[in-house]
Structures are given as structure tokens and as C-alpha cells.
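Shown next, in C-alpha cells, is the structure this report addresses.
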Amino acid sequence: MTDRRPIKISINALGGQGGGVLAGWIVKVAERAGYIAQLTSVPGVAQRTGATIYYIELFPEELSAARNAAPVLALMPAPGDVDIVLACEIMEAGRAMMRGFVTDKTMLIASSHRVYAISEKIKLGDGRQDAADIIDAAERTAGGFILADMEAAAAAAGAVISAVMFGVLAGSGALPISRNMFEDVIRASGRSVDENLGGFANGFEAALRKSANGAPQSKPAPGGAAAAVQKLLTRMNNEIPGRAQFIVKEGVKKLVDYQDIKYADLYLDRLARICAIDKENAGDRRDWKLTCDVARHLALWMAFEDTIRVADLKTRASRFARFRIDVRADEGQIVHVSEYMHPRIEEICDLMPAWLGEKVLSTPALRSGLSVFFKKGRRIPTTKLRGFLLLNFIGSLKFLRRGSLRYKIEDVRINDWLQTIESVAREDYALACEIAGLQRLIKGYGDTHARGIGNYQTLLSLLDDIKLQAAPADTLASLKIAALADEDGVALGTAIGRLQPGRKAA
Amino acid sequence: MAERSFAKEVEDLRIGEGEVFRGEGILAVTKALLQSGVSYVGGYQGAPISHLMDVLADAQEILGELKVHFEASASEAAAAAMLAASVNYPLRGAVTWKSTVGTNVASDALASVASSGVTGGALVIIGEDYGEGSSIMQERSHAFAMKSQMWLLDPRPNLTSIVDMVEKGFELSEASNTPVMLELRIRACHVYGSFVAKDNVTPSFTLRDAMENPVRDYDRVVLPPSNFVHEVEKIEHRWPAAIDFIRKHRLNEFFGGATGEVGIIVQGGLYNTLIRALELAGLSDAFGETELPIYCLNVAYPLIDDEVKGFCLDKKAVLIVEEGQPEYIEQALNTILRNGDIQTKVIGKQVLPRAGEYTSQVILSGLQKFLGKFAPQAATENNKTGATAPSPESIKTITETVPQRPAGFCTGCPERPVFSAMKLVQKDIGKFHVSCDIGCHLFSILPPFDIGNTTMGYGLGWSGASAFNAESSVRTVSIMGDGGFWHNGLTSGVGNAVFNRNDNVLVIVDNGYSAATGGQDILSSRADNKTKATNNPIARAVRGMGVTWLKEVNTYDVGAMMKALKSAMTTATTGPKVIIAQSECMLNRERREKPLRNKAIRDGKRVVRARFGVDPDTCTGDHACIRISGCPSLTLKENPDPLKSDPVAYVDNDCVGCGVCGENAHAAVLCPSFYRAALIYNPSFLDKLLAGFRGAVISFFQRWGDAKRARYSFGAQQ
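Here is the structure:
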């Protein structure tokens, strides 16, 4: 009996990522290096975006020839018995560990980038899973662990991710095969050879470094603030505790950008009231949580997304520069951009002077008569003059904002919200912080926005009940999570139903 | 044209005696068919045997040279019926499909051909879609072999064994006048390996010879009294002939030590996995050398009584490694031993699980239980790897972190907008019952769409809702793909609905291919196909069946799709309503157009490429757009606004510019963040002129805006 066992390699990939290409290359390089190679996979439906495994076993040909027998190679990886795991995405490294493929004898090679699963993407808030867990477990578990953003390394070289992973495998030394032989396989593939060799080199070097770091971020030289802004900042420095200044500064910056200096002053006026209450309630021993929370959410609320704001943001030079990067336009390439917009009669009325907007919305004949013009979505060509000038004009209507219907509505809502926070903060500091955070429910446009407002109002209307619960702040926090769980309000309904007896909302 | 082209691999089918063939298992089978002098091949595509169909479709030239007729059958039933050619004539034929689903469809014809018996060798190659990666109900094809009395080959999963078994299969079929099934599991179909080839063989008796010299034998027709004679023939002649052949040619194999108190009987297809389990237990080396006697059943049905008795006679107990349930082989072993009055214990499902795939880990654990009881001296807790795996507790948090990855529609898939529209219509008019079919569209049952109640089989979407032909305020919607439509949905779905005066709605998703099985052409494919007649519109067939309420919609137009659905659901018109949702499968389209586009760009031609994007500063991070799309390229990105915690939507670089996200934003009145970017390659003079002019005006305004904002600068970032 021979003691020699096959080399076992598992490639844990996502359908459509090209794991088959990587597997094919590994087979070829192994054959060139004198191994008998067997490769299996289970494509099927996993091909369409699911998690999928390619499994390779290698056995030295000379041993086989000496015995005049073929080795019996397995068609699937066994837990605890895989020598090399190549995970084309960090969560897939986690899945490989869950399946027991990673041991202290395993070389784990993983790309740190994320391909979000549908369950992470569809959440109303932030459904992303944290890869820190996986990395920690990999470091504790694997015999060797090489982690690098191989997708970025591939993109940098214009290569496929398989080329980078192939390079990392070569550089890891996990296979006793020379770099040349690996590169010959890429050359023989005859497709995007130079790019893929570049990607391979990136991977090879990343393996030598053990982990690849991103490019160091250059810090711009600090510059001075404009005089009018300096006044605001001075005011902030005087009135706001240091702990909260970072967030408040972001808020001030946002609102100056959104409207003007005066509007940022209003923000600071409003915050001053909260800050005073925070002081009364030992905010200094609570990291000024209430001030921080309100500062964050008040700025976001005051910068509500109306048509003026959207038009303003869409026409800026910085946005033009950004979309060129996002769509990976070449230097100097002509790019035409058109916006998918669907202003409804409501959004139009939002822009009108409050009295007029209210009139239109409350007069059925007017409302339905005007609605006819806003039934269909529009594609606005922002990079053409017609579209640009239209949006630029709307974006310049900031001076009308304070008189608009939407401003009036939001102003009332904001003041109510702040009053509630103020009155609750004196009795229950933590609950007040949670109420501040309810602004997170209000986002989006149109129906999405209406749903958010509806949930927000539902939760506020339950406040008296919530106060009667054992842990009011935790109760509200969990209700908020429920409100963000699904858009049909199923989870929220259930959570409300579970409130301790008291008065429940209809 | 299929998803994968085998134009290169096809050339390997020509190699001759002594050369080494390298490739996938299913390609090796194809080569083996040619080496066996096959006259005709048919089948229906589906994982894991799609590549067999694809490679034959690409090998028309070689097939022509060898006088082999290849047919992409309309269904598995059609393929099985093709074997009728081997009943009267000495023609070798093979058919293939995904099993058990395909065998279910084929079973009518299979039973007939098994009853008639064959003169020429008839081989049914089934891709047993069981275990990891399977997309169907978990059943065994073994039952079909038993009920119709066809022999079932289950070769060891290496190319040499598989090829040998194909060749022997034909001989066995002819020797016993019985069709033979060859079962290949998923991984065996896809296993890459090598074998030493033989020359291809042109059949000495051809289809033409048969057609020009017809032979008729009433005894071979399944009609009284022959059908009764067939049954007797099966038992008295064909069975013994098969037993003789299998024994004589040693189709089953004996490995390991010659004697011992215990032994293992294993299905051929599981042999490698068993050896790996033995290896892990320290009981075998990498070549399968072991002290334990192993009886490897490359023929899973019928069992050879004498071989079984001989193997078991001197043993206290045997372990039968048989995947799936019911445990037909275990039962048969017990019967054989009981009848032979042999007291050897047969241990199978006592120590091995009744359900689920037999991985090496599963077999190892069963093996240890078996040895612990019957051969404690051989039992080891050995872990030959010497590796330390992490304890389950130490990686427990991972299980909560790692997300599930259900299959979904590809980037740019034309079926996505159908379900986006359906989800939006349900918001509007309320929920309705949805009967699904088989095909990519079945992914609608998964997140983010969560649409669909049942799926009854290929082409059975509409008949799956036929009971709901009752008085109701809400209609039902059924889904059917173009693949399922031509497979049998035209009759069992549309014909059935017309005849029974159904008042409900059918959506036929017409993407131009049998997309889920690998993008093969079908009758209604728009592409020209050199060997097949395409361009037969579904609408014509549906009208021909007698449907009058029919709408054809471009799927990417979400608004039109919604309108059509709503109108079908609410119209006062009674009778069956059919919507044909059309757009080409994006995988196929990109495969065809991308190289052309790249070439045009290289050649300096003006090319416009569209793709989509999301503005992160207007996106509010609610992800409603994702919930009605699920496009892989519509994903998440860190929110650039330090005040916001929820990630924004982001369109990654895989975007193919189908436009569904933008259409959805319009149809659902979502948000103004989506934009379409048209990238112009090799712009014309006019492009440049206009762009220069526009750029000048726009940047004037933008500089003005920047200057205004600069007056309120906060200074550079720290």
C-alpha cells in the first residue's frame, strides 16, 4: 500500500464568476507538471448566481506508472480532507469552512471582495453581513490563509478574477509547480493573454505579500473655510460639545449645500434646544448620544429630497465626473446620460407655494386634470442642453423652497418630532434617542416615502403604549427593526401585536 | 445555438485507436457511442446530460460521415419512442435525458419498447439528477428499470469504465433483446478525465437499409396476444440471457481481499466515494488496494444471484452501499440470500441514511458503524489526514454570517421584468394564485419575487391550474416557458384550456431558446439553424389551438407588461387568455453580440453601448428597486454620506444595459436615482461637434454653480 494521497483542491465560487476557467487552468498546469488530474463540478441551477464548487484531485503520474494502476480519485471534497481551498468571494470562504473543508492542513486562498446575496440586498435598511467573522475564523482555522481583494486586482489589470486567483495559487507555493508553467497555461489559452498575465502577476505578488493592501489614500492639503461658513463653525464650536462636533459639522455642511447659511443656522438653533436638554440629563456622561443622534437625523430630515434637490445634484460637475467613473468611460469618451424621473402631481404641488399646492391637491378636478401631464415616467437627457438646462433651472429654484408646500409640511413634522424628543428626553433619555433614530424610516420617494412616513407615524402613535413596556427604548428599537424588515408591514404588524397589553394601535 | 459551443471538443471525437481522449464524462459517452457503431441518437436536453446533446448538435459533420442520425427530440417521450427503430432492425440507437423527470415523461414509450424487445442494441443514457446540484424531486430511476424490465448499468465513475460500459451495454442489449439503461450521476457526467480511444465505427446496417427493406413481425407489437407473450419472454428468455452475458463478461467487479468475515457491496457509481471513505479510515490506499472484499455492481439491475451468493457465503455480514430509497438492491439481496438459505446479514439502511446523497463522509460514518459491530478489529477511529478541523462551536458564528445564495435570473435576463410587472400588478389588484412551470422562470419562486405556488412538471404550468376553472372574482395566472410550451404545453396546457373553456391567464415566456437547459434552439427560436427548422412563432400555434384573447408584449417594457397582465386579469371577456412575453435570452444575446460589438469597436466603427447607474447622493438606501429586480449587477455600496448608515444601490460593471431597473423605477414610481449612460465608441464628427458645444455650455453653468458653492466652502477635508 502506498501512503501517497492525492492533492485535493476545492474551488468555491459563484455561478457566472468563471470558476470553471480557473479549474480548467489548474488541470492544465497540473497535467503539464506530470500529474493525473480529475475535475468535477455540479453546475445545474447553481450556474445562475448560486454558490458552486469545482473539485480537483491530482496524483503524480509517475507513481501511477510505477504501480501500473490508476488511482481511484473522489468526485467530491470530504470534510477535513481538502489541501487547497480557493474561495472566489469571502462569504464563500465562510461556506467552505462551514462545510469543514478548511483545516490546519489547508491552504485557504480567498478574495476579500463581496458579492452581496439577495437576502442582504433586499433589506429596507442595511442587510449586509460582516465578513470580519469569516476572516477571524479563517485565521484561527486554516493552515495557510491568503486574503486579498482579487476582484480589484483583476479589474486593475483588465483580467478575469480567475487569472488573479491562479496567480495567488502559484505564489502560495501550495502546488510544487513553477511560475513559468502557470503562465504558460494562460498563454496557451489564447484569450486576453496580456491582461490575464497582468492579473496573474498581481495575484502572485499578493501571495508573496500574504495580503494585498489597497493603494494608500492621499490626504488633500487642509484648506481654509469661507468667512460665512467660519461663523457657523465658530458658533458650532461654542455651542456643541466636542464629542458631537464631527456629526454636527457634517450636518451643517449638508444644509449649507442644501439651502444656505441661514438654513444651517436654523439647524443649529434647533440643536441648541436638544443640546440644552442633553446637558440637563448628564449628556456628558452619555457621550452626548442624544445630541449626536438628533444632529444626524435632523440634518437628514431638513435636507429632504425634493425635486429642487434632485435637479441640483443631478447637474453638478462633480456628479458628471462621478458617473464617468461609475460607468468606466474611457478618457475623453462621449457619454450621454439620461435620468429616469417620474414626477407625479404630488411632487409638482410640493414645489408650489404652499397655498397653491394645497388648493390643487384638495380640488379633485384640478388634481386629476393636472395629473394627466404626470402619468408617465420621463427620461431627461442631462448631458444634452434641453435636459441640462431644465434641471439646472429647477435646481436653481432654491429661493422658492421656504415658501413651498413640501417645506411647510416637513417643517411641521420636524417640529413635532423635536418636541416629542424634548418631552421624552426628560423622562427617558434612551427612548428619546430611539425616537431621534426613527427618521431612518423615512426615505425614498413617492410611495416608498409615504410608506416610511406611515410607519413613522404608527410608531409615534404607539408612544404611550411603548412607555408602559418594561424596556421602552429597546421596544421601540425592535419595532423600528420590524418596520425595516419588509415593505408590506408584516413584521411590524406582528411586533406591534406582541406589545404588552395596553392600548394598541389600530 | 447552445450556451456552450463544443466546436473544438468535437474534433476530439475523430481520434482513433490508441490515442488518449481527454474530456468530460458526457463527452466520453458520446465518443463511446461512435465507437459502438450507433445508427441514431436522440434525446432531450437537461442537466446533467445537456452537453451530450450540445456536443452532438455541434458534431453534425462527423455524424454525417459516420451515417449517424441525430435528433433533438421534442420531448423525452419522443426520444424514447425513437428506440422503436431497434425493434425490427439490427440498428444500434441511443437516447438520453435528465432523470427521473425525463424518464417519467418517457415511460410510456419505454415500457412499450421494453415489452416489444429489441433486435439492435438500445441504450438509454440517463443523467441521474440526485444530490448536491440537483434541481428536481429526489427519486431513483432504478424503479423504472425494474417495472419495465430494462437492465440498469451503473458504471464506476471513471472514463475508462464508463466508455467500456457503453460498449458492453449495446452488446448486452442485443444478447438479451432488452433495452439497457446507463445511469450517470451528476458529477460523473461532468468529471474530467481520460481514456484510451478506439476507432469510430460506421454501422454495417444503416437506417437507409432498414427503410428500403422494411421488415414486419407481428410478434413484436404490443397488442394481445403478443403482449402476454412478451411478459413470458422477458422472464424465460431475456432475463437468463442477460444474466449469462453479465457473468460471462464480468460486468460486475470484485476488489480487495478474497476472503474475510465481512464485505461490502456497492453500486458502481459510488465506488470511488467508498474507496475515499476507506482511505480516510486507513483501510485503503489511493489505488483502492484494500483488505476488505468489495463486490462492485456495475450492473445495478438485475442482480446475479450466483455472484451474490458466492460473495456472501463465507461472510458474517455485508454492507450494502446503495444511495436513495426505496432500498431495492438491499431488499433483493435479502431475498436472494433467504432463498439460498444463506445466513449472512445484509446491513444497509441500518447504518446508512435512507435519504440524501452518499458523500464520503456519510459512507465513512456508516462504514464505521458497520465495522464496529461486525469486524471490530478492522474498525478504526483513524483519521488518516492527520488534519485538525475546527470544532463546530468555534465556527458557529459563521453559520449565521454566511448568507444563502438561491439561484436567480442572470444579469439582463428578459424574464425578470415579467415578474417585476407581476409583483407590481399584485400590489395594484391584490394577490392571485400563480402556477409555475419548469425553466429559468421558476426562479420567480425565490427572493426577491416570491411568486408561484406549485410546479408540476415541464410544460404543465397551465394544467397545474386547471382545477381553478371555477366561478371566482380573481383569475389565476400560469407561467410556461417556450421550452415547456413545445415540449407538451401546447396540448396539455393550451389545448386543455381551450377545450375546457378555461377563463384564466397564461403567460408564455418566449426567450427564443430552451434557456434553462443551456440555450438550445427550439421551434420558435428566431435564430437560423443549419440543421433545424426554426422561426415557427408560438402565437401562430396558440391561435391555431383556438385561443382568441392573445397579446404579445416585449418583456423589457415593464409598463406594457403590467398593462397586459392587468387587462388579462380584469377583462370581461371570458375564455382562455394568453400573453406571450418576448425578449431574447440575454446570455445567448450577449454571447452573440459582444464579440461583434468588440470587433466593431476595434475596427473603428461608431458603436453605442448602454449601461445603467445609480446616483448615490439621491439614492436613499431603501432598496425597493432591488426588491422588484434582483438583478445580480444591481447591488449595494457603502453610503458616501457620513450621516447615513444604510448602503446605497449601485450598478456594477456587469450591467448589460437591459434597462429593467430604469423601467421599474418608472413603472413603480420609485426614485430619480437611476440613469442610463450611453457610451459612444469611435464618435462621428457630428458627435464630437455636438459634444464639444454641449460640453462648453454645460460646463459654463457648472463652473458658475461651483463658484457659488465655493463661497460657502468648508475648506478641504481633513
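First to last, the protein sequences are chains D and C.
Residues 1 to 506, numbered by this note's numbering, are exactly what the first sequence covers, in order.
Residues 507 to 1224, numbered by this note's numbering, are exactly what the second sequence covers, in order.
All residues carry an ideal CB built from backbone N, CA and C; glycine is no exception.
Predicted, not measured: the structure shown is a model, and the values here were computed from it.
inquiry  = Determine whether the beta carbon atoms of residue 106/D and residue 1130/C lie at a separation below 8 Å.
reply    = Mapped onto the first sequence, residue 106/D falls at position 106. Mapped onto the second sequence, residue 1130/C falls at position 624. The beta carbons of residue 106/D and residue 1130/C sit no closer together than 8 Å.
request  = State buried or exposed for residue 237/D, treating a residue as buried only when at least 16 other CB atoms are found within 10 Å of its CB.
outcome  = Residue numbering aside, residue 237/D sits at position 237 when the first sequence is read from its first letter. It is exposed - the Cβ of residue 237/D has fewer than 16 other Cβ atoms within 10 Å.
key: Selection of the segment 321–344 of chain D by Cβ proximity to chain C, strictly under 9 Å   = Cβ contacts with chain C: 322, 323, 324, 326, 327, 328, 329, 330, 333, 334, 335, 336, 337, 338, 339, 340, 341, 342, 343, 344.
task = Measuring only between beta-carbons, confirm whether residue 79/D sits less than 8 Å from chain C.
result = Numbered from 1 along the first sequence, position 79 holds the residue referred to as residue 79/D. Yes - at least one Cβ of chain C is within 8 Å of the one on residue 79/D.
Cβ separation of residue 1219/C and residue 317/D, assumed to be a contact under 8 Å, to the nearest whole Å = Numbered from its first residue, the second sequence carries residue 1219/C at position 713. Numbered from its first residue, the first sequence carries residue 317/D at position 317. The beta-carbon separation of residue 1219/C and residue 317/D, rounded to 15 Å, does not stay under the 8 Å limit for a contact.
task = Helix, strand or coil for residue 353/D, going by three-state DSSP, please let me know.
result = Position 353 of the first sequence, counted from the first residue, corresponds to residue 353/D. Correct three-state label for residue 353/D: strand.
message = What are the residues in the segment 239–262 of chain D lying within 9 Å of chain E by C-beta distance?
response = The structure shown contains no chain E; the protein chains it does contain are D and C.
key: Spatial distance of residue 1077/C from residue 931/C (CA atoms)   = Walking along the second sequence from the start, residue 1077/C turns up at place 571. Walking along the second sequence from the start, residue 931/C turns up at place 425. If you take the alpha carbons of residue 1077/C and residue 931/C, they lie about 14 Å apart.
task = Using a Cβ-Cβ cut-off of 8 Å, state whether residue 17/D counts as contacting chain C.
result = In the first sequence, residue 17/D corresponds to position 17, counting from 1. Using a CB distance cut-off of 8 Å, residue 17/D does not count as an interface residue toward chain C.
The segment 472–479 of chain D / the segment 322–336 of chain D touching (three or more Cβ pairs under 8 Å) = Output reads no: the segment 322–336 of chain D does not touch the segment 472–479 of chain D.
ask   = Are the beta-carbon atoms belonging to residue 601/C and residue 549/C less than 8 Å from one another?
value = To locate residue 601/C, count along the second sequence from 1; it is residue 95. To locate residue 549/C, count along the second sequence from 1; it is residue 43. Residue 549/C sits close to residue 601/C, with the two beta carbons spaced by under 8 Å.
ask   = Are the beta-carbon atoms belonging to residue 293/D and residue 425/D less than 8 Å from one another?
value = Counting from 1 along the first sequence, the entry for residue 293/D is found at position 293. Counting from 1 along the first sequence, the entry for residue 425/D is found at position 425. Cβ distance not < 8 Å, so residue 293/D and residue 425/D don't count as in contact.
query = Residue ranges of each alpha helix (DSSP H) run of no fewer than 4 residues wholly in the segment 241–287 of chain D, ordered along the chain?
reply = If one requires a minimum length of 4 residues, the alpha helix (DSSP H) runs lying completely within the segment 241–287 of chain D are 242–258, 261–280, in chain order.
task = State the Cα-Cα distance for the pair residue 71/D and residue 839/C, rounded to the nearest angstrom.
result = Along the first sequence, one-based indexing puts residue 71/D at 71. Along the second sequence, one-based indexing puts residue 839/C at 333. Answer to the nearest angstrom: the Cα atoms are 30 Å apart.
ask   = Which class does residue 927/C belong to by DSSP, given the choice of helix, strand or coil?
value = What you label residue 927/C is simply residue 421 of the second sequence in a count that begins at 1. Helix.
key: CB of residue 797/C within 8 Å of CB of residue 758/C, strictly   = In the second sequence, residue 797/C corresponds to position 291, counting from 1. In the second sequence, residue 758/C corresponds to position 252, counting from 1. Their beta carbons are not under 8 Å apart, which means residue 797/C does not touch residue 758/C by this criterion.
request  = Apply the 10 Å Cβ neighbour rule to residue 604/C and answer buried if 16 or more other Cβ atoms are within range, or exposed otherwise.
outcome  = Numbered from its first residue, the second sequence carries residue 604/C at position 98. Taking every protein chain shown into account, the CB of residue 604/C has 16 or more other CB atoms within 10 angstroms, so this residue is buried.
ask   = Name the DSSP bridge partner or partners of residue 298/D?
value = Sequence index remark: in the first sequence, residue 298/D carries index 298 (1-based). Answer is none; residue 298/D lacks a bridge partner.
query = Which one of 881/C, 711/C, 955/C has the shortest CA to CA distance from residue 594/C?
reply = The residue you call residue 594/C lines up with position 88 of the second sequence. Nearest of 881/C, 711/C, 955/C to residue 594/C, Cα basis: 711/C.
query = What does residue 376/D pair with, by DSSP beta-bridge criteria?
reply = Along the first sequence, read from residue 1 onward, the residue named residue 376/D stands at position 376. Answer by DSSP bridge pairing: none, since residue 376/D is not bridged.
ask   = Are the segment 1115–1132 of chain C and the segment 968–982 of chain C touching, with three or more C-beta to C-beta distances below 8 Å?
value = Segments in contact, no.
task = Could you work out which residues of chain D lie near residue 693/C, taking near to mean beta carbons separated by less than 7 Å?
result = Taking the first residue of the second sequence as position 1, residue 693/C is located at position 187. Per Cβ cutoff of 7 Å: 40, 42, 75, 76.
task = Would you mind giving the Cβ-Cβ distance between residue 111/D and residue 149/D, rounded to the nearest angstrom? I have them listed as a contact below 8 Å.
result = Within the first sequence, the letter at position 111 stands for residue 111/D. Within the first sequence, the letter at position 149 stands for residue 149/D. With a Cβ gap of about 6 Å, residue 111/D and residue 149/D count as contacting.
query = Quick one: which chain D residues come within Cβ less than 8 Å of residue 1180/C?
reply = Walking along the second sequence from the start, residue 1180/C turns up at place 674. Going along chain D in sequence order, the residues near residue 1180/C (Cβ under 8 Å) are 339, 340.
key: Environment of residue 762/C [buried if 16+ CB atoms lie within 10 Å]   = Numbered from 1 along the second sequence, position 256 holds the residue referred to as residue 762/C. Flag for residue 762/C reads buried.
key: Stretch pair the segment 1021–1040 of chain C + the segment 956–968 of chain C: three plus CB contacts closer than 8 Å   = The segment 1021–1040 of chain C makes no contact with the segment 956–968 of chain C; the number of CB pairs closer than 8 Å stays below 3.
query = How many angstroms separate the CA atom of residue 123/D from the CA atom of residue 779/C?
reply = Numbered from its first residue, the first sequence carries residue 123/D at position 123. Numbered from its first residue, the second sequence carries residue 779/C at position 273. Taking the straight line joining both Cα atoms gives about 41 Å.
query = I think residue 520/C touches residue 700/C, with their Cβ atoms under 8 Å apart; what is that distance to the nearest whole Å?
reply = Here residue 520/C is taken as the residue at index 14 of the second sequence, counted from 1. Here residue 700/C is taken as the residue at index 194 of the second sequence, counted from 1. The C-beta distance from residue 520/C to residue 700/C rounds to 16 Å, too long to fall under 8 Å, and the pair is not in contact.
query = Are the CB atoms of residue 825/C and residue 876/C nearer to each other than 8 Å?
reply = Residue numbering aside, residue 825/C sits at position 319 when the second sequence is read from its first letter. Residue numbering aside, residue 876/C sits at position 370 when the second sequence is read from its first letter. The answer is yes: Cβ separation under 8 Å.
Cβ shell of residue 410/D (< 8 Å), same chain only, five flanking positions each side left out = Within the first sequence, the letter at position 410 stands for residue 410/D. In chain order, 301, 302, 304 place their CB closer than 8 Å to the CB of residue 410/D, counting only its own chain and leaving out the 5 sequence neighbours on each side.
message = Does the CB of residue 91/D have a neighbour CB from chain C at under 8 Å?
response = As a working note, residue 91/D is residue 91 in the first sequence. Taking CB atoms only, residue 91/D has a neighbour in chain C less than 8 Å away.
key: residue 811/C: first and last residue of the uninterrupted alpha helix (DSSP H) it sits in   = Within the second sequence, numbered from 1, the residue matching residue 811/C stands at position 305. In the DSSP assignment, residue 811/C falls within the alpha helix (DSSP H) that extends over 811–818.
Exposed unless 16 or more other CB atoms sit within 10 angstroms - verdict on residue 1018/C = Position 512 of the second sequence, counting from 1, holds the residue named residue 1018/C. Classification of residue 1018/C: buried, given that the 10 Å Cβ count is 16 or more.
query = Once you ignore the five residues that flank residue 26/D on each side, which residues in its own chain have a CB closer than 6 Å to its CB?
reply = Start at 1 with the first residue of the first sequence, and residue 26/D comes out as number 26. In chain order, 56 place their CB closer than 6 Å to the CB of residue 26/D, counting only its own chain and leaving out the 5 sequence neighbours on each side.
key: Nearest to residue 744/C (by Cα), restricted to the options 777/C, 625/C, 1095/C, 943/C   = Sequence index remark: in the second sequence, residue 744/C carries index 238 (1-based). Nearest to residue 744/C by C-alpha distance, out of 777/C, 625/C, 1095/C, 943/C, is 625/C.
query = In the DSSP assignment, what are the bridge partners of residue 1057/C?
reply = As a first step, residue 1057/C must be located in the second sequence, where it is residue number 551. Checking the DSSP bridge columns, you'll see residue 1057/C partnered with 1085/C.
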